[in-house]
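Shown next, in structure tokens, is the structure this report addresses.
Protein chains: 2
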Amino acid sequence: MLSRMSRTIRPGISRRRALVAGASGVIGAAAALTAQTPPDTTKIPGTGATEIGARSPFEKAKRRPGPGRSTSSTTPLQELHGIITPADLHFERHHAGIPSIDPAHYSLLVHGMVARPTVFTLADLKRFPARSMIRFLECSGNGGRNYRPDPEAHTLSPQQLDGLTSCSEWTGVPLATLLREVGVSPNASWFLAESMDAAVLARSIPMEKGFDDALVAYAQNGEALRPGQGYPVRLFLPGYEGSTNVKWLRRIEVAAAPFMLREETSKYTDPLPDGTARQFSLVMDAKSIVTEPAFPDRLAGAGWREIRGLAWSGRGRIAHVDVSTDGGRSWQRAQLEDPVLPKCHTRFRLPWHWSGGETVIMSRATDETGYAQPTRAELLAVRGPGTQYHFNNIRAWRVAADGTVTLATGAA
Amino acid sequence: MLSRMSRTIRPGISRRRALVAGASGVIGAAAALTAQTPPDTTKIPGTGATEIGARSPFEKAKRRPGPGRSTSSTTPLQELHGIITPADLHFERHHAGIPSIDPAHYSLLVHGMVARPTVFTLADLKRFPARSMIRFLECSGNGGRNYRPDPEAHTLSPQQLDGLTSCSEWTGVPLATLLREVGVSPNASWFLAESMDAAVLARSIPMEKGFDDALVAYAQNGEALRPGQGYPVRLFLPGYEGSTNVKWLRRIEVAAAPFMLREETSKYTDPLPDGTARQFSLVMDAKSIVTEPAFPDRLAGAGWREIRGLAWSGRGRIAHVDVSTDGGRSWQRAQLEDPVLPKCHTRFRLPWHWSGGETVIMSRATDETGYAQPTRAELLAVRGPGTQYHFNNIRAWRVAADGTVTLATGAA
Chain A
1 MLSRMSRTIR
11 PGISRRRALV
21 AGASGVIGAA
31 AALTAQTPPD
41 TTKIPGTGAT
51 EIGARSPFEK
61 AKRRPGPGRS
71 TSSTTPLQEL
81 HGIITPADLH
91 FERHHAGIPS
101 IDPAHYSLLV
111 HGMVARPTVF
121 TLADLKRFPA
131 RSMIRFLECS
141 GNGGRNYRPD
151 PEAHTLSPQQ
161 LDGLTSCSEW
171 TGVPLATLLR
181 EVGVSPNASW
191 FLAESMDAAV
201 LARSIPMEKG
211 FDDALVAYAQ
221 NGEALRPGQG
231 YPVRLFLPGY
241 EGSTNVKWLR
251 RIEVAAAPFM
261 LREETSKYTD
271 PLPDGTARQF
281 SLVMDAKSIV
291 TEPAFPDRLA
301 GAGWREIRGL
311 AWSGRGRIAH
321 VDVSTDGGRS
331 WQRAQLEDPV
341 LPKCHTRFRL
351 PWHWSGGETV
361 IMSRATDETG
371 YAQPTRAELL
381 AVRGPGTQYH
391 FNNIRAWRVA
401 ADGTVTLATG
411 AA
Chain B
1001 MLSRMSRTIR
1011 PGISRRRALV
1021 AGASGVIGAA
1031 AALTAQTPPD
1041 TTKIPGTGAT
1051 EIGARSPFEK
1061 AKRRPGPGRS
1071 TSSTTPLQEL
1081 HGIITPADLH
1091 FERHHAGIPS
1101 IDPAHYSLLV
1111 HGMVARPTVF
1121 TLADLKRFPA
1131 RSMIRFLECS
1141 GNGGRNYRPD
1151 PEAHTLSPQQ
1161 LDGLTSCSEW
1171 TGVPLATLLR
1181 EVGVSPNASW
1191 FLAESMDAAV
1201 LARSIPMEKG
1211 FDDALVAYAQ
1221 NGEALRPGQG
1231 YPVRLFLPGY
1241 EGSTNVKWLR
1251 RIEVAAAPFM
1261 LREETSKYTD
1271 PLPDGTARQF
1281 SLVMDAKSIV
1291 TEPAFPDRLA
1301 GAGWREIRGL
1311 AWSGRGRIAH
1321 VDVSTDGGRS
1331 WQRAQLEDPV
1341 LPKCHTRFRL
1351 PWHWSGGETV
1361 IMSRATDETG
1371 YAQPTRAELL
1381 AVRGPGTQYH
1391 FNNIRAWRVA
1401 ADGTVTLATG
1411 AA
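Going down the list, the sequences are from chains A and B.
This note's numbering numbers the first residue of the first sequence as 1 and each following residue consecutively.
This note's numbering numbers the first residue of the second sequence as 1001 and each following residue consecutively.
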């Protein structure tokens, strides 16, 4: 590929000029010119070591909070590389703001259909055998503007469209360990997870998940959870919709049936065309998005570049990602970058030669269960127009002849 | 193990009181009491979403810069979980401070024994097919106070002793791609990597490494490199000693022999007992350290807890880690946590029941080449007392009957 790349880019003008032109046209790649830099950095000593490392003033990657006193913020997917999302750029979604909690006064009550109702302090939780896992977390409302009619959708960046998904290394005590400690009744089949935020957010979770890979998490990317991610303790349910990963976790109640709470009756259900509704549609289906090229990129010239994107599934590992650069007429298998982990963002890459003409780029993820990301038409047929969550239909980017890239809602 | 853990902790007093006592005695686990928290977080709305997430005021994990205008800072290993080091807690080591560089004016020259000397802009580098990899980076001087006689060594924390190692996901263009683009001469066998910092730090690297897994890196943990880590571009050489991973990379010169620079003649060589010296001892050998329990922990009572630590090797994957809780008389195999990646920190865990008596805890890593971490006596015999780098001998922690934990230099 590399030799073809060279041959293709080099003719006419020098490869350097070709590459500079090709890349300098990408909006957002130009650095701010305000920060002070010396004419020759080899001639003056630099700054000393610090307790906390700062970002370069030339870098502008930030989350986008909604307007006003926002209850959510989105991850800048188009500006990130690899699969790890820095903790301070991980998306936020909360229903009554971020509470301030003193870990010395924190405790978790586990009760209900158990032999030994127990209150665990943070120190108790940290003393149990721990587990770390790199996993994605996605809000089930992520990506709705790629499904419902939206006249402005074409000017959405990956961050604006799908920025409610992120991926980190989470550490905590397996919930199964706590459930065994308290002695769960054999008749128990669900549990309640309740937050200590001002919404007292609560969800019902199947007991199987509690004994499978559920984590009572106190760390993200090596360090303590940040307040926006549930400090000091959150529930982490790999592959489950975001709102079930209850932050600021204060109570788990074991029961024989779901609790039929607001967030699983009036919200987080999926109305279907036949008038019924899917309830407890907890697992996030396989999904992918090309993060480069994407709006607001502008390709300044034909030639080779790398198509980059992310794929993930709440059901396990990504098996493969197919990419089309001709509006879906043909598909090529993208390279998946190691490590390919279960229920984890997976980086895919595909070298692409742009001829300079208008085209549409799409990606389609298939997970290890064989489930393939549907088209919008396929999803619309089974979910209907009224659905509010789980928008995993194929994303498409239209590349115009002038190199501008826009979201092509409904193209796939 | 869990049931044994329960049985062992519960008798006498309630498991909760036992656990609280057991954990509250760990120095550093107590939260600061200054930050403001409401009496009931469910009764007042929390704070809104933000562009950048902040840490909890109760968390104090920080790097430790040396005195004065420091040229290094250390990662708080004993306060971190899993394998990922946040970018702003990754250790720093620089020889003339951190330069401030405008990425719009950045370029990398690749020249010497090549067919097409080329200057690459940052945009050029980002356009090439990229690769991400989770790998450790360690300063070759890390851990010297566990080797040389040091009366204060017993009061060193993992951060103070071995905090010059960290682990992140690095993204960039494989150096092999650039070497093929410029057409390296078949007679070339080494290359120079030169920094644009005030030290103009430079090292000679074998060409085989350049074509193997060397990365010209522009991102760490998803985001752009931070200035302290080489912004906008650094060389990343998986498994090689830290100083060869040249930050603020401005020049690569291809040659037929090493350049015999200051940092590979007067520094970064290993004087041996016979008067000769090891030169270009570039690969970091297998090593491990128990991060919990460790100084300044104080165990407040007998019972079950988890021994936690990190192991890594510059030669590939960690094959296994053996842990002794009786001063080296017997060894148990620790659990290695997935994913176990090559040239990457690997988290190991072992449940341990402390009887309450004095003992010494050690860990010994073995990598996939079969190389096992040596004792201090073994390392001293081959390296002699004058060596300055590559201190990978076994670390040992002495647990006193009162629960205090200190570094037992020379115990292994």
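Here a beta-carbon is modelled for each residue, glycine too, at the ideal position from N, C-alpha and C.
According to the neighbour-count rule (16 or more other Cβ atoms, all chains shown, within 10 Å of its Cβ), is residue i buried or exposed?
i: Thr276/A; result: exposed
i: Gln160/A; result: buried
i: Val399/A; result: buried
i: Gln229/A; result: buried
i: Met1133/B; result: buried
i: His1105/B; result: exposed
i: Ile205/A; result: buried
i: Pro1039/B; result: exposed
i: Ala286/A; result: buried
i: Pro1086/B; result: buried
i: Ile52/A; result: exposed
i: Ile1101/B; result: buried
i: Asn393/A; result: buried
i: Pro67/A; result: exposed
i: Arg262/A; result: exposed
i: Met1260/B; result: exposed
Going by alpha carbons, who is nearest to residue i out of the options?
i: Pro57/A; options: Trp1248/B, Pro1227/B and Leu1350/B; result: Pro1227/B
i: Gly97/A; options: Lys62/A, Glu208/A, Gly303/A and Lys247/A; result: Lys247/A
i: Arg1069/B; options: His1094/B, His1081/B and Ala1049/B; result: His1094/B
i: Glu1092/B; options: Lys1043/B, Thr1074/B, His1390/B and Gly1143/B; result: Thr1074/B
i: Asp1088/B; options: Pro1103/B, Pro1065/B, Leu1109/B and Gly1210/B; result: Pro1065/B
i: Asn1187/B; options: Val1216/B, Ala1130/B and Ala1255/B; result: Ala1255/B
i: Ser1288/B; options: Arg1364/B, Cys1139/B, Tyr1147/B and Gly1163/B; result: Arg1364/B
i: Glu292/A; options: Ala199/A, Met113/A, Val323/A and Thr50/A; result: Val323/A
i: Thr1369/B; options: Leu1350/B, Arg1349/B, His1320/B and Val1360/B; result: His1320/B
i: Glu1306/B; options: His1154/B, Ser1243/B, Gln1388/B and His1081/B; result: His1081/B
i: Arg63/A; options: Gly46/A, Asp162/A, Ala54/A and Arg135/A; result: Asp162/A
If you reduce the DSSP assignment to three classes, tell me which class residue i lands in.
i: Gln1229/B; result: helix
i: Lys1060/B; result: coil
i: Thr37/A; result: coil
i: His154/A; result: helix
i: Thr1075/B; result: coil
i: Ala1104/B; result: helix
i: Asp1367/B; result: strand
i: Leu282/A; result: coil
i: Gly1144/B; result: helix
i: Leu1239/B; result: According to the sequence shown, residue 1239/B is Gly rather than Leu. Coil.
i: Ala1123/B; result: helix
i: Ala1256/B; result: coil
i: Ile27/A; result: Reliability of the predicted coordinates at Ile27/A is poor, the pLDDT of 33 falling under 50, and the value obtained from them is presented with this limitation in mind. DSSP places Ile27/A in coil when its eight states are reduced to three.
i: Glu422/A; result: In this structure chain A extends from 1 to 412, so residue 422/A is not present and cannot be described.
i: Asp322/A; result: strand
i: Phe211/A; result: helix
i: Arg116/A; result: coil
i: Glu337/A; result: coil
i: Asp439/A; result: In the structure as shown, chain A begins at 1 and stops at 412. Residue 439/A is therefore absent and cannot be evaluated.
Between residue i and the rest of its own chain, which residues show a CB-CB distance below 6 Å, the 5 nearest in sequence each way excluded?
i: Tyr240/A; result: Leu282
i: Ile83/A; result: Cys167, His345 and Arg347
i: Thr1366/B; result: Ala1319, His1320 and Ala1372
i: Leu1235/B; result: Ala1193, Asn1245, Val1246 and Leu1249
i: Thr409/A; result: Asn146 and Ala153
Leaving out five residues before and five after residue i in sequence, what residues of the same chain have Cβ atoms less than 7 Å from its Cβ?
i: Gly1314/B; result: Gly1239, Tyr1240, Val1283, Met1284, Asp1285 and Lys1343
i: Ala294/A; result: Gln78, Ser157, Pro158, Trp397 and Val405
i: Lys1126/B; result: Tyr1218
For a contact meaning CB atoms closer than 7 Å, what does residue i contact in chain D?
i: Leu1161/B; result: The chain inventory of the structure shown lacks chain D, comprising the protein chains A and B.
Quick one: residues in its chain with C-beta nearer than 8 Å to the C-beta of residue i, no 5 flanking neighbours on either side, listed in chain order?
i: Gly357/A; result: Ala401
- Message: Counting beta carbon pairs with one atom in the region 1377-1391 of chain B and one in the region 1267-1275 of chain B, are three or more of them shorter than 8 Å?
- Response: yes
- For the region 1150-1167 of chain B against the region 112-120 of chain A, are there 3 or more C-beta pairs whose distance is under 8 Å? no
- Is the region 177-195 of chain A in contact with the region 248-267 of chain A, if contact means three or more CB pairs nearer than 8 Å? yes
- For the region 1206-1214 of chain B and the region 1169-1178 of chain B, state whether three or more C-beta atom pairs, one from each stretch, are separated by less than 8 Å. yes
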